[in-house]
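Sequential numbering from 1 applies to the sequence shown in full-length UniProt numbering.
Ideal Cβ placement from N, Cα and C applies to all residues, glycine included.
Input: a single structure, listed below in structure tokens.
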Amino acid sequence: MLPIENRIHASKELRLQANVKRNPMMRIICQTLHAGLFILVLQHSPYANIHAAKPPRQLSASAIKKEIAEKYKIQRKEISTNEKDALSGRFRAHVGELDLSDRESAKGLKLPEILYGKLNLSGLKSTEGLILPKVMQGDLSLSELESAEGLNLPATFQGTVYLSSVISAKGLQLPAGFSGGLDLGSLKSPEGLHLPETMHGSLYLSKLRTAKGLQLPKVIHGSLFLSGIVSAKGVTLPEIVDGSLYLVGLSSAEGLQFPQTVGGTIYMGRLATAQGLVLPADVGGKVDISRIKSAEGLRLPASLKKKVLLPRGITPEWIE
């Protein structure tokens, strides 16, 4: 069976993390459903009651068309709801998912300026000729691209960008209007990677082996995957991670300063020693240190008593 971080990673496109707060301001986030409807999720401050979620309300494609027309000052007849019309070049906006995963080239591809829905271009090998929408609310999959050079992301974006085959950050620029998650699961080096101070989604850096030169956001409204990091040296974690924190490659936590708040689970399943381990008191999920060898020096916050996964026979000192 795959490690838990890989199983979660593989299913991420199917999840709606309603308990993850993506913006410190009240925000509306649209997600496209297979039925062609949208969920509008009203989300409040990430720092208060982060595990609660208001019931979403569903709007029809017609209602979304009305909203787009009013917001962007275009006519409703300029908004398409089927793939054929969306790619004809005659419509300025589109409501619904565009699955173009069978395309290996962007040559001749005409996308609308505004897209409310997922865009799957996972078959593209090159950015040549690719002109993405200026506005997107929905996930963007470019999972077969090995280079981000020449990639111009939408100026306004809400969702997650999947660049899971990109091995270098060279040429990757996140626009000022970027509000979402980022999958760089194959990135080998953080050189040239510039991330915003706040990320409104999960950040996947699963294959990074070193944190040298890595500047992470101060706040991540989602999960942080650093599964490949084998040393805590040079790692500066965010102050707040609303989701889970994956540090499964670490055998020692010496020198590691954890976020003040972790809303999900901390995965450190390969940690062998308690030396230098100072866990935060505010963890919403579990703390996996199930392979630690000795209780020597293991002092943990009492608030985590029912949350820490330990081997049999290992009893920590609980600190009030």
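(1) Using DSSP with H/G/I as helix, E/B as strand and the rest coil, what is R299?
(2) I'd like the ranges of any beta strand (DSSP E) spanning at least 3 consecutive residues and lying wholly in the stretch 84-170.
(3) Going by C-alpha to C-alpha distance, which of G89, P316, A63 and L205 sits closest to E191?
(4) So which of V262, L245 and R312 has the shortest CA-CA distance to F225?
(5) Going by CA-CA distance only, name the one from G222, L277 and Q158 that's closest to V262.
(6) In angstroms, rounded to a whole number, what distance separates the CA positions of L142 and A106?
(7) How is the alpha helix (DSSP H) around E67 delimited, first residue to last?
(8) Ordered along the chain, which non-local residues of its own chain (more than five positions away) have a Cβ less than 6 Å from that of V241?
(9) With H, G and I counted as helix, E and B as strand and the rest as coil, what does DSSP make of E317?
(10) By Cβ distance, which residues of its chain are closer than 6 Å to T160, with the 5 residues on each side in sequence left out?
(11) Measuring only the C-alpha atoms, how far is K125 from L216?
(12) Give the single residue among G243, R299 and G185 whose Cα lies nearest to the Cα of E317.
(13) Can the beta-carbon of E78 be found closer than 7 Å to that of R92?
Looking at the atomic coordinates:
(1) strand
(2) 93-95, 114-116, 135-137 and 156-162
(3) L205
(4) L245
(5) G222
(6) 12 Å
(7) A61 to Y72
(8) I220, L224, P259 and V262
(9) strand
(10) D139, G180, G181 and G201
(11) 28 Å
(12) R299
(13) yes
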